[in-house]
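Some notes on the structure that comes next.
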Amino acid sequence: MLICVDLDGTLLDTVPANGASYRAALEEQGFTVSDEYYAAHCNGGYYKNFLRPLMGGDPSPEAVERVHDRKKALYGNFLDLVRPNRALLALLQGMKAAGHQLACVTTGSRRNATEVLARFGCLDWFGLVLTSEDVAHNKPDPEGYCKAMAYFGVTPEETMIFEDSGPGLEAALASGAAVFKIEAF
703 MLICVDLDGT LLDTVPANGA SYRAALEEQG FTVSDEYYAA HCNGGYYKNF LRPLMGGDPS
763 PEAVERVHDR KKALYGNFLD LVRPNRALLA LLQGMKAAGH QLACVTTGSR RNATEVLARF
823 GCLDWFGLVL TSEDVAHNKP DPEGYCKAMA YFGVTPEETM IFEDSGPGLE AALASGAAVF
883 KIEAF
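Numbering (the numbering used here), first residue to last: 703 to 887.
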């Protein structure tokens with residue numbers, strides 16, 4: 703059995719850390735975002751989509767990348783704001799001990815995903831960590847989940863996915879696997 707888990711909002715509540723690091727990066731460029739706006743309109747989304755309106759609506763692709771690169775560099779400064787989903791972590795630890803394969807599939811960056819997973823001592827649990835850098839199409843496209851299944855040589859019927867956001871749930875359902883929605887922790 704393959705157990706795939708989304709990172710942000712599913713395994714870890716990273717909204718405060720992501721929001722704070724994006725806010726700091728945006729403020730360096732003369733823009734801002736409130737915690738409430740970030741949580742409601744940006745969390746779980748792809749940065750190339752949600753940064754544009756925050757940067758005046760029509761920033762250059764290079765400007766968007768500068769903000770995103772700076773956000774990634776600042777993220778480690780805000781890891782104390784991250785809250786773990788202890789129940790899901792315990793479940794995954796048990797599933798790993800029972801011999802099941804684990805994959806983390808996130809729209810986040812590899813740098814930030816590995817940084818936060820290492821901080822919570824679970825990076826080595828995952829036989830595969832797929833990030834936005836590993837797929838051509840981010841969630842809601844199921845590509846990440848399908849790539850994880852192909853990597854481990856399993857079918858959707860042999861896969862469980864834990865997700866929380868609208869785009870993530872859409873991707874998980876489209877993959878054909880069993881899907882478990884995380885609503886709160």
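Positions of the beta carbon are idealized from the N, C-alpha and C atoms, including for glycine.
Residue i, DSSP secondary structure in three states
i, result
"residue 879", "coil"
"residue 731", "coil"
"residue 861", "strand"
"residue 686", "In this structure the chain extends from 703 to 887, so residue 686 is not present and cannot be described."
"residue 737", "helix"
"residue 714", "strand"
Cβ-based burial, residue i [other Cβ within 10 Å; buried from 16]
i, result
"residue 844", "buried"
"residue 751", "exposed"
"residue 736", "exposed"
"residue 723", "buried"
"residue 760", "exposed"
"residue 762", "exposed"
"residue 833", "buried"
"residue 861", "buried"
"residue 719", "buried"
"residue 734", "exposed"
"residue 746", "buried"
First and last residue of the uninterrupted beta strand (DSSP E) at residue i
i, result
"residue 832", "830 to 832"
"residue 805", "803 to 807"
First through last residue of the alpha helix (DSSP H) which encompasses residue i
i, result
"residue 706", "From DSSP, residue 706 is part of no alpha helix (DSSP H) but of the beta strand (DSSP E) over 704 to 707."
"residue 789", "788 to 799"
"residue 825", "Where residue 825 is concerned, there is no enclosing alpha helix (DSSP H), given that its DSSP letter is neither H nor E."
"residue 887", "Per DSSP, residue 887 belongs to no alpha helix (DSSP H) and is neither H nor E."
"residue 751", "749 to 756"
"residue 770", "763 to 777"
- Item | Inter-stretch contact at 8 Å, needing at least 3 Cβ pairs: the region 794 to 807 / the region 823 to 839 | Contact between the region 794 to 807 and the region 823 to 839 is present, because at least three Cβ pairs lie under 8 Å.
- Is it true that the region 833 to 853 meets the region 778 to 789, where meeting means three or more beta-carbon pairs spaced less than 8 Å apart? At 8 Å Cβ cutoff, the stretches do not touch.
- Do the region 762 to 779 and the region 717 to 728 touch if we need at least three Cβ pairs shorter than 8 Å? Verdict: yes, contact present.
- Looking at C-beta atoms only, is the number of pairs between the region 703 to 719 and the region 857 to 874 that lie closer than 8 Å three or more? Yes: at least three Cβ pairs fall under 8 Å.
- Query: Touch check for the region 765 to 772 and the region 849 to 862: three-plus C-beta pairs under 8 Å?
  - Reply: Because the criterion of three Cβ pairs below 8 Å is not met, the region 765 to 772 and the region 849 to 862 do not touch.
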